[in-house]
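Numbering-wise (our numbering), the sequence shown opens with residue 1 and increments by one. Before any comments, here is the structure.
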Amino acid sequence: MHGLINRSVQNYVSDTFGYDVWGQVTGSADLGFTEFEAMMTYEDDVTTRLIDALSLVTSRPKHDLLEDIGTYLVSTPKLEGVRRLLRFGGVTFEEFLLSLDDLPDRARLAVSDLDLPELEMDERASGCFELLCRGAVSGFGYVFVGMLRVIADDYGALVLLDHETGNDGVEKVFITLVDKDFAQGRQFDLGARVG
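And the structure:
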């Protein structure tokens with residue numbers, strides 16, 4: 001797993017629960033270190049142990065924590081670049097959804113060795129979408145639920161989101177677009193500089 005992903009988990013835990021809890025998590029995961037290097041690669045098992053330990057230390061279900069991590073990634077000002085990368089996917093929320101297939105390739109333009117899960121978006125019916133998420137580590141579907149919740153608000157769309165993991169391990173996120181113009185969307189300018 002790319003260190004950028006593990007470093008994002010580290011930042012989420014430190015910002016949300018504090019450095020003492022982060023120390024407990026790394027100790028419980030038996031990592032032997034407390035700081036992830038963003039540009040290194042770690043075994044996938046490290047990320048799995050990290051999420052398991054986070055659930056144990058905080059007494060919260062893994063799926064809730066993973067969804068919160070997704071929310072954190074696109075709502076924290078210091079990670080504005082993630083939100084901008086996502087918003088390049090389309091002018092409307094529907095366009096954005098249909099561009100998610102290309103997200104791993106767009107992410108690799110920014111970080112060449114970043115391997116995100118394989119994503120496949122299908123429009124099942126008008127306003128009903130299904131995102132398939134296949135990754136080396138399970139749980140990315142929940143991360144996308146958190147991200148999609150924030151991005152839908154960003155576009156001013158009202159959506160219903162549901163998650164399911166199939167017997168084959170493929171995660172499915174079901175997206176129902178209830179109202180694409182539910183609220184005023186957040187202003188977004190492709191030419192704006194990230195500060």
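Just so you know, even glycine gets a beta-carbon here, dropped at the ideal spot from N, CA and C. The structure displayed is predicted, hence computed values, not measured ones.
{"Query": "Evaluate the contact criterion for the segment 56-72 versus the segment 113-133: three or more CB pairs, one atom per stretch, below 8 Å.", "Result": "no"}
{"Query": "List, from N- to C-terminal side, the beta strand (DSSP E) runs of 3 residues or more that fit wholly inside the segment 72-125.", "Result": "118-125"}
{"Query": "Please list the terminal residues of the continuous beta strand (DSSP E) segment that includes V13.", "Result": "Taken as a continuous stretch (DSSP letters only), V13 belongs to no beta strand (DSSP E), being part of the alpha helix (DSSP H) at G3 to F17."}
{"Query": "According to the Cβ coordinates, are V57 and S28 closer than 8 Å?", "Result": "yes"}
{"Query": "In the DSSP assignment, find the unbroken alpha helix (DSSP H) run with L50 in it and report its ends.", "Result": "D44 to T58"}
{"Query": "Count the other C-beta atoms from every protein chain shown that fall within 10 angstroms of the C-beta of D154, then say buried if there are 16 or more, exposed otherwise.", "Result": "buried"}
{"Query": "Looking at the structure shown, is K180 part of a helix, part of a strand, or coil, going by DSSP?", "Result": "coil"}
{"Query": "Considering only their Cβ atoms, is the gap separating E120 from D102 smaller than 8 Å?", "Result": "no"}
{"Query": "Looking at the unbroken alpha helix (DSSP H) that takes in L196, where does it start and where does it end?", "Result": "No answer is possible for residue 196: it lies beyond the span of the chain, which begins at 1 and ends at 195."}
{"Query": "Per the DSSP calculation, L161 is bridged to which residue(s)?", "Result": "I175"}
{"Query": "How far does the beta strand (DSSP E) with E130 in it reach, from first residue to last?", "Result": "C128 to R134"}
{"Query": "Is the separation between the beta-carbon of L207 and that of V159 shorter than 8 Å?", "Result": "With the chain covering only 1 through 195, there is no way to say anything about residue 207."}
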